[in-house]
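Have a look at the structure below, then the notes.
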Amino acid sequence: MTLIGIVGAGVMGVDVAINCAACGYQVVLMDKSAEVIAKAQLEIPKRLRNYKMLSPAYRELDASQLSSLINFTTDISSLSDCPWVIENVTEDWDTKASVYKQLDQICSDRTYYAVNTSCISITKVAALMQYPEKVIGMHFMNPAPIKRCVEAIRGFHTSEDTIDAAKEFLKSLKKRMVLVNDMPGFVANRLSHLFMNEAAFLVQDNVADAVAIDSIFKEGYGHAMGPLETADLIGLDTVVNSLKILYESFQDPKFRCCPSLQKMVDAGLLGRKSGQGFYSY
Ligand SMILES: NC(=O)c1ccc[n+]([C@@H]2O[C@H](COP(=O)([O-])OP(=O)(O)OC[C@H]3O[C@@H](n4cnc5c(N)ncnc54)[C@H](O)[C@@H]3O)[C@@H](O)[C@H]2O)c1
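Using this note's numbering, you'd call the opening residue of the sequence shown number 73 and step up by one each time.
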């Protein structure tokens, strides 16, 4: 059975692990924190219950069977034999760079690297590696087990072979790949972070509350979720980190982070993952 390596067991890593195991892959789920790994083991049955309600594809799956396909570890060297490593660590350059430097030592020229990032340049990540042509952006949408579309990002070095392999791999996960070129934020987050940030400014400026803003988006524009519900789902810390990367990358004030959004993160209000953001959970 093919072994898929997943680095980072936070919001995205756990969901990507569920998705891979549900499609018949054996998974190694690695995080630097033993506490996070212990939490991930408990999270899987909870999240699966939710996905069973949202998608018929998950209805027949048994939580213990699914968990038995996932090996949980804090040891990055367990990823050495994986043909694909999907990296989902914190949206911070230094953190990602240290992980890729370790992977470069551990893995061989047979490994493809999927960078699941909101905004960080794929080209910059690939430049750290001996085989930069094997690095591709794979921006899974949240919640990954439910969303069919994956934004794939072609870095400067990404080879056609890697693009073809990514397409095949994503097909096996029942996903449709939309390929775009590399530029921080790509398509999805360069657009969505403007919406989420401006929505936070609207709350700060007391123009409307979160419910009103999200209602206008949903009922007026037909979006499934409003910008502030989306920000809470992503994690407000990840949204703030991504805005900082966009701001630094483009040097464009349109990406300046809303001060009250930063204040929420400083106060520990991170959205769904902490139980409190623009909404309570
Ligand atoms: N949250 C979303 O909706 C979303 C959607 C698509 C992509 N992303 C991207 O996916 C990545 C992960 O996001 P997330 O929301 O899961 O973040 P998160 O904060 O929930 O999880 C990040 C995990 O990385 C782990 N980590 C940090 N340093 C590590 C290291 N050196 N080795 C191993 N593990 C390490 C942390 O312990 C944490 O568990 C980010 O780059 C983010 O931009 C997030």
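Built from N, CA and C at the ideal position, the CB exists for glycine as well.
For residue j and residue i, believed in contact at Cβ under 8 Å, the rounded distance
i	j	result
residue 233	residue 203	Between residue 203 and residue 233 the Cβ distance is about 11 Å, and since that is not below 8 Å, they are no contact.
residue 163	residue 191	7 Å
residue 149	residue 178	5 Å
residue 176	residue 200	7 Å
residue 84	residue 146	Contact flag wrong, Cβ pair sits at about 18 Å.
residue 225	residue 254	5 Å
residue 79	residue 157	6 Å
residue 211	residue 260	6 Å
residue 155	residue 184	7 Å
residue 161	residue 115	Contact flag wrong, Cβ pair sits at about 17 Å.
Burial state of residue i, where buried means 16 or more other Cβ atoms lie within 10 Å
i	result
residue 293	exposed
residue 159	buried
residue 330	buried
residue 230	buried
residue 347	exposed
residue 73	exposed
residue 94	buried
residue 247	buried
residue 126	exposed
residue 263	exposed
Distance cut-off 7 Å: residue i Cβ against heavy atoms of ligand 1
i	result
residue 338	no
residue 227	no
residue 305	yes
residue 265	no
residue 140	no
residue 250	no
residue 327	no
residue 171	yes
residue 258	no
residue 295	no
residue 85	yes
residue 81	yes
residue 253	no
residue 91	no
residue 103	yes
residue 214	yes
residue 150	no
residue 167	yes
residue 234	no
residue 320	no
residue 145	no
residue 122	no
residue 423	Here the chain covers residues 73 to 353 and nothing more, so residue 423 does not appear.
residue 346	no
residue 269	no
Residue i to residue j span [Cα, whole Å]
i	j	result
residue 286	residue 300	6 Å
residue 250	residue 110	34 Å
residue 124	residue 135	10 Å
residue 33	residue 174	This structure cannot settle anything about residue 33, because the visible part of the chain is limited to 73 through 353.
residue 313	residue 265	11 Å
residue 227	residue 194	5 Å
residue 112	residue 337	22 Å
residue 350	residue 108	24 Å
residue 256	residue 317	8 Å
residue 243	residue 276	42 Å
residue 289	residue 75	41 Å
residue 117	residue 344	17 Å
residue 258	residue 322	12 Å
| Mind pulling the alpha helix (DSSP H) runs of 4 or more residues that sit fully within the region 136-193? | Here the runs fully enclosed are 165-178.
| Complete runs of the beta strand (DSSP E) confined to the region 94-142 [at least 3 residues] | Taking only runs of at least 3 residues, the beta strand (DSSP E) segments lying wholly in the region 94-142 are 98-102.
| task | Please list the segments of the alpha helix (DSSP H) lying wholly inside the region 241-286, counting only runs of 4 or more residues, in order along the chain. | result | The qualifying runs are 260-276.
| task | Just list the alpha helix (DSSP H) runs in the region 307-334, keeping only unbroken ones of 4 residues or longer that don't cross its boundaries, in chain order. | result | 308-322, all fully within the region 307-334.
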